[in-house]
Amino acid sequence: MTLTNVIEVLEAAYPPARAESWDAVGLVSGDPAQPVRRVLLAVDPVAAVAEEALEWQADLIVTHHPLYLRGTTSVATTTPKGRLIHTLIKNDIALYTAHTNADVANPGVSDALARAVGLTGDLVPLQPFPDDPWRGLGRIGETAEETTLEEFAARAAKGLPRTSWGIRVAGDPSRRVTRVAVSGGAGDSLLGAARAAGVDVFLTADLRHHPASEFMEAGGPALIDAAHWATEWPWLDSAASILHASGVTVETRVSATVTDAWTRGY
Ligand SMILES: [Zn+2]
Numbered sequence: 006m007t008l009t010n011v012i013e014v015l016e017a018a019y020p021p022a023r024a025e026s027w028d029a030v031g032l033v034s035g036d037p038a039q040p041v042r043r044v045l046l047a048v049d050p051v052a053a054v055a056e057e058a059l060e061w062q063a064d065l066i067v068t069h070h071p072l073y074l075r076g077t078t079s080v081a082t083t084t085p086k087g088r089l090i091h092t093l094i095k096n097d098i099a100l101y102t103a104h105t106n107a108d109v110a111n112p113g114v115s116d117a118l119a120r121a122v123g124l125t126g127d128l129v130p131l132q133p134f135p136d137d138p139w140r141g142l143g144r145i146g147e148t149a150e151e152t153t154l155e156e157f158a159a160r161a162a163k164g165l166p167r168t169s170w171g172i173r174v175a176g177d178p179s180r181r182v183t184r185v186a187v188s189g190g191a192g193d194s195l196l197g198a199a200r201a202a203g204v205d206v207f208l209t210a211d212l213r214h215h216p217a218s219e220f221m222e223a224g225g226p227a228l229i230d231a232a233h234w235a236t237e238w239p240w241l242d243s244a245a246s247i248l249h250a251s252g253v254t255v256e257t258r259v260s261a262t263v264t265d266a267w268t269r270g271y
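Residues 6 to 271 in our numbering are what the sequence shown spells out, letter by letter.
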């Protein structure tokens, strides 16, 4: 297999044209003609992930978050990102990013999150594309049976990988829960859509005090705030499955390195 073969599969699943205009997706480093046998999947292109790739002798790292989002004039080793690029190029490790194009895909980041927290049945986008009701940001699904906010939160915490702070909940613990909206990563732009959708709870990451407080003052629904990394990590398995189902013969590994920015809670 060559890098081109792998990229073709990824771009069929996560068309770059669907990425937000401010985003930077696709091939960051590497030669499209280079052979690829081992693919490491990770949320963040950070030093710990590069080390893992080096140790496992990966030929390609697929990450959710871009390494460079804005213009840069130097990849010197005097910055962490420059050091990372040097490590990758010196060791023939390519880097490829599927970010907001993976968020809106079907199946995408929020589908994997919805399944991880126990939602069943059809999942529909919380904010569908005007031209495609099956693609877009966030997902709405249902719990297998009616439950309480407290029970659903416990289920969600168990279904997501462990991070230093786990999850935070806003709302009455005894509130009945069946319809749930989720959005991987920072989802506060979807608070209005979650309310309009009439769900019982909205689970996302990076919720700030004021938007969350105002949302709850206005009657909710309930909120669950998880670690950013934890909400996107379930997608890595889904992306690996897409590679395997495509027939490209590569070995895949989902990085279990916790790269959430927050490493300890007290
Ligand atoms: Zn993210």
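By construction, the Cβ of each residue, glycine as well, lies at the ideal position given by its N, Cα and C atoms. Bear in mind the structure is a predicted one, so any value in this text is a computation, not a measurement.
Nearest residue (CA-CA) to residue i, options the options
i: L74; options: A53, G31, D97; result: G31
i: L195; options: H214, A24, P130; result: P130
i: Q132; options: W27, E237, S115; result: S115
i: S169; options: P226, G224, W139, W234; result: W234
i: R236; options: A161, I247, A175; result: Checking the sequence shown, residue 236 turns out to be Thr, not Arg. Here the closest residue by C-alpha is A161.
i: S179; options: A149, P226, R42; result: P226
i: A244; options: Y271, E56, F134, N111; result: N111
i: A159; options: I229, G143, K95, A210; result: I229
Reduced DSSP secondary structure (H/G/I, E/B, other) of residue i
i: V182; result: strand
i: P21; result: helix
i: D265; result: coil
i: T125; result: strand
i: P130; result: strand
i: V54; result: helix
Boundaries (first-last residue) of the alpha helix (DSSP H) holding residue i
i: E25; result: Where E25 is concerned, there is no enclosing alpha helix (DSSP H), given that its DSSP letter is neither H nor E.
i: T236; result: 233-237
i: H91; result: 85-95
i: H70; result: Per DSSP, H70 belongs to no alpha helix (DSSP H) and is neither H nor E.
i: A201; result: 196-201
i: T82; result: Neither: T82 is in no alpha helix (DSSP H) and is coded neither H nor E.
i: N106; result: 105-108
Bridge partner(s) assigned by DSSP for residue i
i: S34; result: L100
i: E256; result: R43
i: Q62; result: Looking at the DSSP assignment, Q62 forms no beta bridge with any residue, so it has no partner.
i: D230; result: R173, T209
i: V187; result: R144, L208
i: T7; result: P40
Per-residue burial, residue i [other beta carbons within 10 Å of its own, 16 or more giving buried]
i: G190; result: buried
i: F157; result: buried
i: P239; result: buried
i: G126; result: exposed
i: P138; result: exposed
i: Y19; result: buried
i: P50; result: buried
i: P71; result: buried
i: F134; result: exposed
Boundaries (first-last residue) of the beta strand (DSSP E) holding residue i
i: A210; result: 206-210
i: I172; result: Note, I172: premise wrong, no beta strand (DSSP E); not H, not E.
i: A149; result: 137-153
Any C-beta of chain D under 9 angstroms from that of residue i
i: A261; result: Here there is only one protein chain, and chain D is not present.
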